[in-house]
Amino acid sequence: MNTVIDSGIVEQHNAKAMANLEADYAALGGMLARRGKDIEQLTALAQTFAVALPSWGVGTGGTRFARFPGPGEPRNVFEKIDDCAVINQLTRATPLVSLHFPWDKPTDVAALREYADRYKLGFDSVNSNTFQDQLGQAHTYKYGSLTALSAESRAQAVQHNVECIELGRALGSKGLTVWVGDGANFPGQQNLRGALERYLDSMRGVYAALPDDWQVYIEHKLFEPAFYATTIADWGTSFACATELGPKAKCLVDLGHHAPNTNIEMIVARLAQFGKLGGFHFNDSKYGDDDLDSGSINPFQLFLIFNELADASARDGEAFKPSYMLDQSHNVTDPIESLMNSAVEVQRAFVQSALVDRAALAQYQQDNDVLQSAQALKHAFRTDVSPILAMARLRSGAPADPVGCYRASGYRAKQAELRPAKAGASSSGIV
Ligand SMILES: [Mn+2]
Numbered sequence: 001m002n003t004v005i006d007s008g009i010v011e012q013h014n015a016k017a018m019a020n021l022e023a024d025y026a027a028l029g030g031m032l033a034r035r036g037k038d039i040e041q042l043t044a045l046a047q048t049f050a051v052a053l054p055s056w057g058v059g060t061g062g063t064r065f066a067r068f069p070g071p072g073e074p075r076n077v078f079e080k081i082d083d084c085a086v087i088n089q090l091t092r093a094t095p096l097v098s099l100h101f102p103w104d105k106p107t108d109v110a111a112l113r114e115y116a117d118r119y120k121l122g123f124d125s126v127n128s129n130t131f132q133d134q135l136g137q138a139h140t141y142k143y144g145s146l147t148a149l150s151a152e153s154r155a156q157a158v159q160h161n162v163e164c165i166e167l168g169r170a171l172g173s174k175g176l177t178v179w180v181g182d183g184a185n186f187p188g189q190q191n192l193r194g195a196l197e198r199y200l201d202s203m204r205g206v207y208a209a210l211p212d213d214w215q216v217y218i219e220h221k222l223f224e225p226a227f228y229a230t231t232i233a234d235w236g237t238s239f240a241c242a243t244e245l246g247p248k249a250k251c252l253v254d255l256g257h258h259a260p261n262t263n264i265e266m267i268v269a270r271l272a273q274f275g276k277l278g279g280f281h282f283n284d285s286k287y288g289d290d291d292l293d294s295g296s297i298n299p300f301q302l303f304l305i306f307n308e309l310a311d312a313s314a315r316d317g318e319a320f321k322p323s324y325m326l327d328q329s330h331n332v333t334d335p336i337e338s339l340m341n342s343a344v345e346v347q348r349a350f351v352q353s354a355l356v357d358r359a360a361l362a363q364y365q366q367d368n369d370v371l372q373s374a375q376a377l378k379h380a381f382r383t384d385v386s387p388i389l390a391m392a393r394l395r396s397g398a399p400a401d402p403v404g405c406y407r408a409s410g411y412r413a414k415q416a417e418l419r420p421a422k423a424g425a426s427s428s429g430i431v
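According to the UniProt record's numbering, the stretch in the sequence shown is residues 1 to 431, in order.
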């Protein structure tokens, strides 16, 4: 297997970190043992965790106002794969990459698959883009894509999604994520029911092109770019559409796509209960679709989501397998560092959720012991599982401290030399 960072650098880093890590790990192991938890089991569990990387996340993103490119940004999909390989090498938690078309459309699909395979990277669900016009495109999406009143625009949007499925198939993907920015900016602009009818009609065309072992993920978002009425604005609409379309259609929850203070963990519980939870775009937000690093604003919410996932997993077993992906945008940090941090934060919530004493919690709930029920969750959330995460990485061949090791490797400085900036080269942003 090819590695981007010299494995000697990782070994050197770990040799220095080992003594402290072993001491911290032993101390945490003792504390968890007193709570009836086996640290070795938790470390093995942490090693199973995987979250996919968004190809658009390795470049500097932007806001609706400006983008401030950083040094050594990837200029094409192959360079994006290189950066994703660094993240997986240093976290061992991100073995899949999610591509966005046409941004990442390769001229030679087989070559791209082979290139990723050399790093042992696979491809997660592919993403279509009908929220902007591409150069030379026949019909505009200015007034909508899958919901447009123009039959030509709708047909073009369906065809683009079908092409994404074909590209994904050649890459070994198993899913298509569809997010549309369609909607209205003004009351009266659109017949609200008519728009959703057209959406469903278009999506039936996309659904019909899905291979048997594929799923389509419907991603909802409250607002932006449509500021008055977004067609797929909430999980209820997403659920209704996924139900209408059939068993291969599921709902995708992007953490930043809800109104402030929305109880996202309850949405997760609902979708899991009715078998329609397809997956996640993990990120964090303070106000809207901020696409900040996972766990940076509200780590407790992330934990509560994983608490629901752990509950669903305990109920439904192997059948319950939502797909996990990061979706974030970076204005002021090195995207590789931010993506590594986010992968670790999501993994942290996953491990913390395994610390919840479910039997005790069920008994507290049964007894209407509200205070202890809440404390049962807080107790797990407050436990610092960092030594477990570091040990899991170390045992998987990654460094105890991914960001420290990455900085020591000088990767970014080297890429700044190898990848001189090219106008319009990086396709990254908020989706
Ligand atoms: Mn998203």
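Just so it is clear, CB atoms sit at the ideal spot from N, CA and C, and this is done for glycine as well.
Q) Within 10 angstroms of its Cβ, does S396 collect 16 or more other Cβ (buried), or is it exposed? A) As a working note, residue 396 is residue 396 in the sequence shown. Looking at its Cβ environment, which holds fewer than 16 other Cβ atoms inside 10 Å, S396 is exposed.
Q: Output yes or no for whether 9 Å exceeds the beta carbon distance between Y217 and L176.
A: As a working note, residue 217 is residue 217 in the sequence shown. As a working note, residue 176 is residue 176 in the sequence shown. Yes, these two residues count as a Cβ contact at 9 Å.
Q: Just tell me which of P95, M31, R35 has its CA closest to the CA of A398.
A: Walking along the sequence shown from the start, residue 398 turns up at place 398. The shortest C-alpha separation from A398 is found at P95.
Q. Cβ-heavy atom distance between W179 and ligand 1 below 8 Å?
A. The count along the sequence shown starts at 1 and reaches residue 179 at position 179. With a cutoff of 8 Å, W179 counts as near ligand 1, since its C-beta is closer than that to a heavy atom of the ligand.
Q: Under the assumption that A151 contacts A184 (Cβ atoms under 8 Å), give the Cβ distance between them as a whole number of angstroms.
A: If you number the sequence shown from 1, residue 151 lands on position 151. If you number the sequence shown from 1, residue 184 lands on position 184. With 8 Å as the limit, A151 and A184 do not qualify as a contact, their Cβ atoms being about 19 Å apart.
**Q.** Own chain partners of Q372 with C-beta closer than 6 Å, once the 5 adjacent residues on each side are dropped
**A.** The residue labelled residue 372 in the question sits at position 372 within the sequence shown. Within the same chain, Cβ atoms closer than 6 Å to the Cβ of Q372 are found at Y364, the five residues on either side in sequence being excluded.
Q) Is it true that the CB of L394 sits closer than 9 Å to the CB of N14? A) The residue given as residue 14 occupies position 14 in the sequence shown. The residue given as residue 394 occupies position 394 in the sequence shown. Yes, Cβ-Cβ distance for N14 and L394 is below 9 Å.
Q) With distances taken from CA atoms, which of F123, Y287, N307, S329 is nearest A376? A) Here the question's residue 376 lines up with position 376 in the sequence shown. The candidate whose alpha carbon is nearest that of A376 is N307.
Q: Output the boundary residues of the beta strand (DSSP E) element that contains D254.
A: Taking the sequence shown and counting its residues from 1, one reaches residue 254 at position 254. Element bounds for D254: 249-254.
Q.
Considering just the uninterrupted stretch of the alpha helix (DSSP H) at M18, what are its terminal residues?
A. For the purposes of this step, residue 18 is identified with residue 18 of the sequence shown, where counting begins at 1. Where M18 is concerned, the enclosing alpha helix (DSSP H) stretches over 7-34.
Q. For G183, which residues does DSSP report across the bridge?
A. Locating residue 183 in the sequence shown gives position 183, where the first residue counts as 1. DSSP, once it has assigned bridges, lists T230 as partnering G183.
Q.
Between L42, N127, A46, which has its C-alpha nearest S98's C-alpha?
A. If you number the sequence shown from 1, residue 98 lands on position 98. Nearest in C-alpha terms to S98, of all of L42, N127, A46, is N127.
Q: With a threshold of 16 other CB atoms inside 10 Å of the CB of D38, please say whether the residue is buried or exposed.
A: As a working note, residue 38 is residue 38 in the sequence shown. It counts as exposed.
(Q) Looking at ligand 1, does it come within less than 8 Å of D327, judged from the CB to the closest heavy atom? (A) Taking the first residue of the sequence shown as 1, we reach residue 327 at position 327. Checking every heavy atom of ligand 1 against the Cβ of D327, one is found closer than 8 Å.
Q | Simplified DSSP state of H361, which is helix, strand or coil | A | Within the sequence shown, numbered from 1, the residue matching residue 361 stands at position 361. Inspection of the sequence shows that residue 361 is occupied by Leu rather than by His. The three-state reading of DSSP puts L361 in helix, counting H, G and I together.
Q) Can E219 be considered in contact with ligand 1, in the sense that its beta carbon sits closer than 8 Å to one or more heavy atoms? A) Counting from one through the sequence shown, the residue named residue 219 turns up at place 219. Yes, since a heavy atom of ligand 1 falls inside the 8 Å radius drawn around the Cβ of E219.
Q) Just to confirm, are K248 and Y207 a CB contact at a threshold of 9 Å? A) Numbered from its first residue, the sequence shown carries residue 248 at position 248. Numbered from its first residue, the sequence shown carries residue 207 at position 207. Taking 9 Å as the cut-off, the Cβ atoms of K248 and Y207 count as close.
Q. CB E11 to CB G29, shorter than 9 Å?
A. Counted from its first residue, the sequence shown places residue 11 at position 11. Counted from its first residue, the sequence shown places residue 29 at position 29. No, Cβ-Cβ distance for E11 and G29 is not below 9 Å.
**Q.** I218 - partner residues in DSSP beta bridges
**A.** The count along the sequence shown starts at 1 and reaches residue 218 at position 218. Note: I218 sits in a beta bridge opposite V178, C251.
Q | Continuous beta strand (DSSP E) assignments of at least 3 residues falling wholly in the region 252-340 | A | As far as the region 252-340 is concerned, its whole beta strand (DSSP E) runs of at least 3 residues are 277-282, 323-326.
Q: Could you check which residue in V351, G57, A242, K105 has the C-alpha nearest to that of D201?
A: As a first step, residue 201 is located in the sequence shown; it is residue number 201 there, counting from the start. Here the closest residue by C-alpha is A242.
Q: Tell me where the alpha helix (DSSP H) around S98 begins and ends.
A: Position 98 of the sequence shown, counted from the start, is the residue given in the question as residue 98. Where S98 is concerned, there is no enclosing alpha helix (DSSP H), although the beta strand (DSSP E) around it starts and stops at 96-98.
Q. For ligand 1, is there a heavy atom less than 8 Å away from the beta-carbon of residue 434?
A. Because residue 434 is not part of the residues shown, which for the chain are 1 to 431, the question remains open.
Q: Examine the Cβ distances between the region 318-330 and the region 280-297 and report whether three or more of them are shorter than 8 Å.
A: The region 318-330 is in contact with the region 280-297.
(Q) Taking only three categories from DSSP, how would you classify F223? (A) Numbered from 1 along the sequence shown, position 223 holds the residue referred to as residue 223. Assignment of F223 by DSSP, reduced to helix, strand and coil, places it in the coil class.
Q: Could you spell out the range, first to last residue, of the alpha helix (DSSP H) harbouring Q41?
A: Here residue 41 refers to the residue found at position 41 of the sequence shown. Unbroken alpha helix (DSSP H) run through Q41: 39-47.
(Q) Taking DSSP's pairing of strands, which residues face G62 in a bridge? (A) Here residue 62 is taken as the residue at index 62 of the sequence shown, counted from 1. DSSP lists R67 as partners of G62.
**Q.** Near ligand 1: H258 beta-carbon under 8 Å from a heavy atom
**A.** As a first step, residue 258 must be located in the sequence shown, where it is residue number 258. No, the Cβ of H258 stays beyond 8 Å of every heavy atom of ligand 1.
**Q.** Limits of the unbroken alpha helix (DSSP H) element including D83
**A.** Along the sequence shown, read from residue 1 onward, the residue named residue 83 stands at position 83. In the DSSP annotation of this structure, the continuous segment of the alpha helix (DSSP H) that includes D83 starts and ends at 77-91.
Q) Looking at G59 and residue 498, is the spacing between their C-beta atoms short of 9 Å? A) The structure shown does not extend to residue 498, since the chain is modelled only from 1 through 431, so no value can be given for it.
Q: Tell me whether M281 counts as near ligand 1, meaning its Cβ is closer than 8 Å to at least one heavy atom of that ligand.
A: Numbered from 1 along the sequence shown, position 281 holds the residue referred to as residue 281. Reading off the sequence shown, one finds His at residue 281, where the question assumed Met. If you check the C-beta of H281 against ligand 1, you find a heavy atom less than 8 Å away.
Q. Using the C-alpha atoms, what's the distance from A272 back to E318?
A. Indexing the sequence shown from 1 puts residue 318 at position 318. Indexing the sequence shown from 1 puts residue 272 at position 272. If I take the Cα positions, the gap works out to 13 Å.
Q: Return the CA-CA distance between T231 and E163, expressed in angstroms with no decimal places.
A: Within the sequence shown, the letter at position 231 stands for residue 231. Within the sequence shown, the letter at position 163 stands for residue 163. Using only the alpha carbons, I get a separation of about 23 Å.
(Q) Using a Cβ-based criterion (distance less than 8 Å to any ligand heavy atom), does residue 436 qualify as near ligand 1? (A) Look at the range of the chain in this structure, 1 to 431, and you will see that residue 436 is not part of it.
Q. With 16 other CB atoms within 10 Å as the buried threshold, where does E417 fall?
A. In the sequence shown, the residue the question calls residue 417 occupies position 417. E417 comes out exposed.
Q. Ligand 1 heavy atoms versus the CB of D254: any closer than 8 Å?
A. Against the sequence shown, residue 254 aligns to sequence position 254. True, at least one ligand heavy atom lies under 8 Å from that Cβ.
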